[in-house]
Structures are given as C-alpha cells and as structure tokens.
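Heads up, the thing below is written out as structure tokens.
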Amino acid sequence: MNQKIGRMITVICLIAIVVIVSFFLNGMTIHHIQGINLQQTFLQTLYQRGMTEGAVTREEIYCNSKTLFFENEAGQKAAATYVKSIFGDKWEQVFLLELEKEETLNKEGVPSLIDDHIFQYEMKYEQKEDGTLEISLTGKQKPVLAIRLFGMGVVIAAAVVGRIVGVWLGRDKIGRLIKENEKKNKS
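Be aware that the sequence shown starts at 88, since it is given in the numbering used here, and climbs by one per residue.
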C-alpha cells in the first residue's frame, strides 16, 4: 500500500515538474491569440484604443516574433510585436507603439527588449523621413532557450547524481547493519 502511494506521489510530482518546466520554457506567459487571428486581434486592439479604420500595411518576422504595421487615412500609425509560443501557433503581444497624425518619434527611436523564448534581443522602432515606421535589431542576441535548457540539464544531472549517491549510501548502510546483526547473532 505504501509503495502505491509513493508511486502516485512520484507520478504527480513528475507531472507537476513537466508543467512547470514547460511554462518556464515558454517565457512564463500564456499565449492566447491564435495565429490565424493575429491581424484581426491587432486591428481590434487599435480600434479599442481609438484608432479609426485602417489596415495592416506589412509584417516583419524575426526568429520567433512577428511585427505588424498599421496605417490609416487619418495619418495614424502603429506597430505591434507578437511572440509565438514554442509549443504551437499561439501568440502574445509584447510591444505596442501608436502614433497620432503629425506625431513623430525622436531620432534615437524607441527601444524594446524582446524575449521570443528562443532568443532575447533589443529591437528599435524608428520612423523614416517619409513617416513610415521601421524596426531594426540593436546589440547582440542572447540565446535564452539554450541557457534555460542548460540550466535544466544541470538540475536534472544533479538530481540523478544525488539519487544514485543516495541509493549507494543507503545500500552501504544496509550492508553494515546486516554485518552488525550477523556479528551479534554469532556471539
């Protein structure tokens, strides 16, 4: 009976660990936007924020992120960056930039740190002389997925080594107890 309870506890703990690790690898967020609805969600967000009817003019994909650009006849502009889940076609918005008519960005642009669950990099949102919005990468990419997987590998290796040492020490202790009992029984 105790072995069954122990096995159930072990299975429950392993399932919990898998869920936690998956959540960790996916950037500790829940991605709720279906890929097919990405443009529609972007436009709906802009309409809710007061942007009048317009359209997505283009999209740029970089690694595991996608940036959508918006313009309308009233001169309003917007750009939003979405990050894809590493487990499917679900997306989450990580940055939104809105510009009203006649509003311009400063020459330095607007920097934003993007963690797309595979890499972490800084994107700079800039405005060209003709008024169109552009993005560019600045700095180096940091391989966050590789770092997370390496960290998990170290933890798993430590757990396995700890378990092996624990079993070995437990057997050694049991062996000593058996020898001590044999000596007591002989005397």
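Glycine included, C-beta positions come from ideal geometry on N, C-alpha and C.
Every value quoted in this text rests on a predicted model; they were computed, and no experiment measured them.
Subject >> Inter-residue Cα distance where the pair is GLU190 and ALA246 >> reply: 56 Å
Original post:
What residue range is occupied by the uninterrupted alpha helix (DSSP H) comprising THR132?
Top reply: 125 to 135
Original post:
Between the segment 227 to 239 and the segment 98 to 112, do at least 3 Cβ pairs fall closer than 8 Å?
Top reply: yes
Original post:
Hey, is the segment 193 to 210 in contact with the segment 136 to 143, meaning 3+ C-beta pairs nearer than 8 Å?
Top reply: no
Original post:
How should THR116 be labelled, buried or exposed, when 16 other C-beta atoms within 10 angstroms of its C-beta is the threshold for buried?
Top reply: exposed
**OP:** Can you have a look at ILE243 and say buried or exposed, based on whether 16 or more other CB atoms are within 10 angstroms of its CB?
**Re:** exposed
**OP:** Check each candidate in TYR212, ASN272, GLY249 and GLY93 and name the one with the smallest Cα separation from LEU155.
**Re:** TYR212
Subject >> Span separating the alpha-carbon of LYS188 from that of GLU146 >> reply: 21 Å
Subject >> PHE206, enclosing beta strand (DSSP E) - first and last residue >> reply: Careful: PHE206 lies outside any beta strand (DSSP E) and carries neither H nor E.
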